[in-house]
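Number of protein chains: 2
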Amino acid sequence: MAAAARVSRSTVSRAFTRPQLLSPATVEQVLTTAARLGYVGNQAARALSTGRFGNIAVVVPDIANPFFPPLVRSLQLAAETADLAVFLGDSDESAEREAKLIARLAPQVEGFVLASPRLSEQLIRELAATRPVVLVNRDLDGIARVLIDSSGGMTEAVLLLKKLGHQRLAYLAGPRDSWSDGQRRTTLARVSEQAGLTVEVIETGRPSYAAGRESVSAIVRSGATAAIAFDDVVSQGVLAGLEVRGISVPADFSLVGCDDTLAALTTPALTTVSAGAASAGAAAAQLLITLLQSPDGRPADAAAGGEGAAAAGASGAAGGRAGEDGGGGECVRIGTHLVVRGTTAVRGGMVA
Amino acid sequence: MAAAARVSRSTVSRAFTRPQLLSPATVEQVLTTAARLGYVGNQAARALSTGRFGNIAVVVPDIANPFFPPLVRSLQLAAETADLAVFLGDSDESAEREAKLIARLAPQVEGFVLASPRLSEQLIRELAATRPVVLVNRDLDGIARVLIDSSGGMTEAVLLLKKLGHQRLAYLAGPRDSWSDGQRRTTLARVSEQAGLTVEVIETGRPSYAAGRESVSAIVRSGATAAIAFDDVVSQGVLAGLEVRGISVPADFSLVGCDDTLAALTTPALTTVSAGAASAGAAAAQLLITLLQSPDGRPADAAAGGEGAAAAGASGAAGGRAGEDGGGGECVRIGTHLVVRGTTAVRGGMVA
DNA sequence: GTGAAAGCGCTAACAA
DNA sequence: TTGTTAGCGCTTTCAC
Numbered sequence: 558m559a560a561a562a563r564v565s566r567s568t569v570s571r572a573f574t575r576p577q578l579l580s581p582a583t584v585e586q587v588l589t590t591a592a593r594l595g596y597v598g599n600q601a602a603r604a605l606s607t608g609r610f611g612n613i614a615v616v617v618p619d620i621a622n623p624f625f626p627p628l629v630r631s632l633q634l635a636a637e638t639a640d641l642a643v644f645l646g647d648s649d650e651s652a653e654r655e656a657k658l659i660a661r662l663a664p665q666v667e668g669f670v671l672a673s674p675r676l677s678e679q680l681i682r683e684l685a686a687t688r689p690v691v692l693v694n695r696d697l698d699g700i701a702r703v704l705i706d707s708s709g710g711m712t713e714a715v716l717l718l719k720k721l722g723h724q725r726l727a728y729l730a731g732p733r734d735s736w737s738d739g740q741r742r743t744t745l746a747r748v749s750e751q752a753g754l755t756v757e758v759i760e761t762g763r764p765s766y767a768a769g770r771e772s773v774s775a776i777v778r779s780g781a782t783a784a785i786a787f788d789d790v791v792s793q794g795v796l797a798g799l800e801v802r803g804i805s806v807p808a809d810f811s812l813v814g815c816d817d818t819l820a821a822l823t824t825p826a827l828t829t830v831s832a833g834a835a836s837a838g839a840a841a842a843q844l845l846i847t848l849l850q851s852p853d854g855r856p857a858d859a860a861a862g863g864e865g866a867a868a869a870g871a872s873g874a875a876g877g878r879a880g881e882d883g884g885g886g887e888c889v890r891i892g893t894h895l896v897v898r899g900t901t902a903v904r905g906g907m908v909a
Numbered sequence: 558m559a560a561a562a563r564v565s566r567s568t569v570s571r572a573f574t575r576p577q578l579l580s581p582a583t584v585e586q587v588l589t590t591a592a593r594l595g596y597v598g599n600q601a602a603r604a605l606s607t608g609r610f611g612n613i614a615v616v617v618p619d620i621a622n623p624f625f626p627p628l629v630r631s632l633q634l635a636a637e638t639a640d641l642a643v644f645l646g647d648s649d650e651s652a653e654r655e656a657k658l659i660a661r662l663a664p665q666v667e668g669f670v671l672a673s674p675r676l677s678e679q680l681i682r683e684l685a686a687t688r689p690v691v692l693v694n695r696d697l698d699g700i701a702r703v704l705i706d707s708s709g710g711m712t713e714a715v716l717l718l719k720k721l722g723h724q725r726l727a728y729l730a731g732p733r734d735s736w737s738d739g740q741r742r743t744t745l746a747r748v749s750e751q752a753g754l755t756v757e758v759i760e761t762g763r764p765s766y767a768a769g770r771e772s773v774s775a776i777v778r779s780g781a782t783a784a785i786a787f788d789d790v791v792s793q794g795v796l797a798g799l800e801v802r803g804i805s806v807p808a809d810f811s812l813v814g815c816d817d818t819l820a821a822l823t824t825p826a827l828t829t830v831s832a833g834a835a836s837a838g839a840a841a842a843q844l845l846i847t848l849l850q851s852p853d854g855r856p857a858d859a860a861a862g863g864e865g866a867a868a869a870g871a872s873g874a875a876g877g878r879a880g881e882d883g884g885g886g887e888c889v890r891i892g893t894h895l896v897v898r899g900t901t902a903v904r905g906g907m908v909a
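Protein chains in written order, with the working numbering: chain A, 558 to 909; chain B, 558 to 909.
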């Protein structure tokens with residue numbers, strides 16, 4: 558071990574950030590000494606100097622909703638590979654709190670992933686003008702986004718229910734501000750009409766087990782013999798409510814959930830529209846990373862979303878990317894499909 | 558609106574951080590102008606100057622495990638009230654990754670909440686020597702911690718199973734590094750012996766639906782007629798595996814999960830040991846906030862954990878706090894109790 | 001009650 | 001290849 562030569566401030570800095578500018582020996586020496594002294598660079602000072610923080614934020618309406626944890630998880634894992642630390646914000650399904658969180662986080666993050674944002678379009682656009690933003694399940698032209706397209710799976714669901722002999726469906730709706738809910742309503746209305754079925758939409762505020770359970774009386778009143786719920790948790794609630802009334806599934810009633818979360822893996826297992834939340838998280842992270850790397854805050858090439866699209870493909874659905882649209886926001890679209898399980902058993906149901 | 562007088566740098570700073578030093582009129586004026594201009598202080602610069610970041614980190618082994626989201630959620634909500642932003646780290650059940658995450662986050666957080674850490678005691682102690690650390694479900698003397706004490710609920714579970722006529726139980730174990738798992742094993746062994754029952758421990762690596770499902774052959778081989786699983790997710794897997802083999806629950810077999818997560822709210826609903834993850838999150842946040850506020854990094858008074866204890870009480874269990882022990886780490890203990898639901902129905906079971 | 005000035009620890013020109 | 005210098009935007013004595 559050679560005697561340690563004194564080096565300057567900048568040499569130390571360079572040893573960490575751009576070692577190729579120094580002689581290997583110097584780098585080596587600095588790094589070793591630093592390790593021995595337990596020196597670690599001060600993030601705040603670095604950020605102050607460079608304007609870069611190495612942090613991103615992901616904001617979700619409710620981390621306790623089982624759709625989000627896998628998304629956040631794969632996002633964080635992907636972020637780690639780019640050495641980005643991730644802030645988590647839970648807006649509690651409130652646009653107002655979402656705005657507050659964003660304001661609080663903005664001064665120390667380089668970019669945002671807003672998952673199922675409840676925020677107004679205007680506010681999102683204002684934010685996106687400031688720094689890279691990737692949306693998940695919100696379709697704003699010109700802003701990078703990952704969309705889980707439920708229309709495929711929803712269509713399959715309606716057709717299956719028709720085949721089982723149902724004529725009157727109920728849709729347990731999700732939050733009004735949710736893009737996914739909007740897409741599901743629309744698809745459902747369109748496809749049902751084409752198939753000659755009627756759909757009763759039942760509003761259920763915040764998607765929860767309790768909400769599902771309580772909506773059963775409305776379902777029964779509607780005369781529906783099958784229901785599609787906004788998500789698997791609501792669906793579980795419906796299942797419980799039906800049981801209490803002695804309506805058995807799938808013998809007397811068919812049920813379909815959405816998202817294919819942990820909540821669908823029960824006994825009996827839920828028929829559900831698979832959503833690939835984990836793929837969406839990975840894709841969103843990838844997109845944001847690309848945005849961050851390109852100097853002008855726009856994707857430099859087609860690399861973005863590659864992994865996400867692959868993952869979507871792996872889920873068996875039609876995954877793919879649409880290129881730039883009008884404003885220049887990359888859009889990754891993840892397809893869905895119906896996973897048929899116990900709650901709509903073909904062997905049971907109306908035609909059994 | 559008076560004409561805006563030019564004020565100095567420092568006045569602006571004070572208006573935000575210590576308004577009591579300024580005349581109300583000045584404060585008012587600065588704040589209004591700041592709002593109009595959209596000015597927000599630069600966190601990095603503030604941190605550089607004060608050494609405080611206003612950030613904390615919560616590290617979990619697997620955010621996709623339904624035990625953690627409610628914990629993280631209430632933690633983040635509580636942190637918000639103290640204007641703390643929260644980083645989320647997912648260690649993927651690996652001690653090594655946990656260490657890396659902590660190292661990455663350490664330079665920009667004021668404190669850590671380590672939930673179910675897989676890290677070695679030594680590393681945890683080293684970290685705790687550096688900055689405030691609150692542990693969840695890890696019992697290290699002298700370090701602040703929140704413990705969900707499963708022994709109460711586990712004991713009730715064993716007694717219920719005995720009453721149902723079972724003599725041979727299986728325990729589907731959790732990760733070896735998990736304190737909760739250790740506590741559950743120990744309690745189970747002790748109580749079962751006292752009750753004259755035998756317990757077969759079946760190892761299942763990472764707790765998951767698949768692991769539970771695959772462990773069914775071992776359960777059957779063991780001759781057990783009832784099983785207690787490390788958590789509800791594993792329990793659901795077991796349920797599915799049993800069904801495949803035509804073993805029906807609770808008629809032929811009794812099943813108990815742990816944590817009382819979303820995964821227990823199914824049809825049939827799972828009998829489970831309620832764990833109050835949300836209370837634990839709130840209590841941990843509270844504890845950390847108190848630690849952060851006391852200049853020496855130790856709680857100043859008994860305020861810490863008050864909310865958590867209250868919440869624990871609300872869950873119907875015996876919640877409470879132990880005061881300082883040897884080293885000075887506050888310890889909040891949250892009790893548990895058995896929630897009896899469909900998978901161990903008293904009307905069914907072995908004695909039906 | 002308010003302003004002036006000195007850093008916090010780092011990076012990034014610019015020199016050498 | 002390395003050192004010197006000038007800030008990044010804030011807080012904080014210390015004067016006034």
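Think of the CB as a built atom: it goes at the ideal place given N, C-alpha and C, for glycine as much as any other residue. Just so you know, these numbers come straight off a predicted model, no measurement behind them.
Going by beta-carbon coordinates alone, are residue i and residue j separated by less than 9 Å?
| i | j | result |
| --- | --- | --- |
| V896(B) | S831(B) | yes |
| S779(A) | V813(A) | no |
| A672(B) | V693(B) | yes |
| P666(B) | L632(B) | Per the sequence presented here, residue 666(B) reads as Val, with Pro not at that position. Contact: no. |
| A837(A) | L628(A) | yes |
| G611(B) | A642(B) | yes |
| A842(B) | A636(B) | yes |
| T824(A) | G899(A) | yes |
| S749(A) | S707(A) | no |
| G794(B) | L822(A) | yes |
| H723(B) | A781(B) | yes |
At a Cβ threshold of 9 Å, is residue i touching chain B?
| i | result |
| --- | --- |
| N599(A) | yes |
| G865(A) | Any reading at G865(A) is ruled out, since the residue's pLDDT is 39, under 50, leaving its predicted position unreliable. |
| E655(A) | no |
| I620(A) | yes |
| L588(A) | no |
| V790(A) | yes |
| V569(A) | no |
| R688(A) | no |
| L658(A) | yes |
Go ahead and pull the three-state DSSP assignment for residue i.
| i | result |
| --- | --- |
| Y766(A) | helix |
| S831(B) | strand |
| I613(A) | strand |
| V643(B) | strand |
| T824(B) | coil |
| E585(B) | helix |
Taking Cβ positions only, does residue i come closer than 9 Å to chain A?
| i | result |
| --- | --- |
| G794(B) | yes |
| A879(B) | Confidence at A879(B) is low in this model, with a pLDDT of 47, below 50, so its placement is unreliable and the value that follows should be read with caution. It does not: the Cβ of A879(B) has no partner Cβ on chain A nearer than 9 Å. |
| E800(B) | yes |
| T965(B) | This structure cannot speak to residue 965(B), because chain B is shown only from 558 to 909. |
| Q633(B) | yes |
| T823(B) | yes |
Distance check for residue j and residue i, CA to CA, integer angstroms please.
| i | j | result |
| --- | --- | --- |
| L726(A) | G803(A) | 19 Å |
| S851(B) | V587(B) | 30 Å |
| R747(B) | P576(B) | 59 Å |
| I613(B) | L718(B) | 43 Å |
| M711(A) | Q679(A) | 29 Å |
| L796(B) | F810(A) | 23 Å |
| E881(A) | D649(B) | Note that E881(A) scores 48 on pLDDT, short of 50, meaning its location in the model is unreliable and no value can be drawn from it. |
| A663(B) | A656(B) | 10 Å |
| G892(B) | V790(A) | 27 Å |
| T744(A) | A784(A) | 15 Å |
| R878(A) | C815(B) | Only weak support is given to the placement of R878(A): the predicted model assigns it a pLDDT of 45, under 50, and the value that follows is read from those uncertain coordinates. Looking at the two C-alpha atoms, the distance is approximately 42 Å. |
Given the structure, does residue i come close to the ligand GTP, in the sense that its CB is under 8 Å from one of the ligand's heavy atoms?
| i | result |
| --- | --- |
| S831(A) | With respect to small molecules bound, the structure shown includes none, and the ligand GTP cannot be examined in it. |
Would you list, in chain order, the members of the segment 756-773 of chain B that have their beta-carbon closer than 7 Å to a beta-carbon of chain A? Residues Y766.
Output, in sequence order along the chain, the residues in the segment 637-648 of chain A whose CB is closer than 9 Å to any CB in chain B. Listed by position along the chain: E637, D640, A642, V643, F644, L645, G646, D647.
Contact list for the segment 661-680 of chain A against chain B, Cβ threshold 8 Å: Cβ contacts with chain B: R661, L662, A663, P664, Q665.
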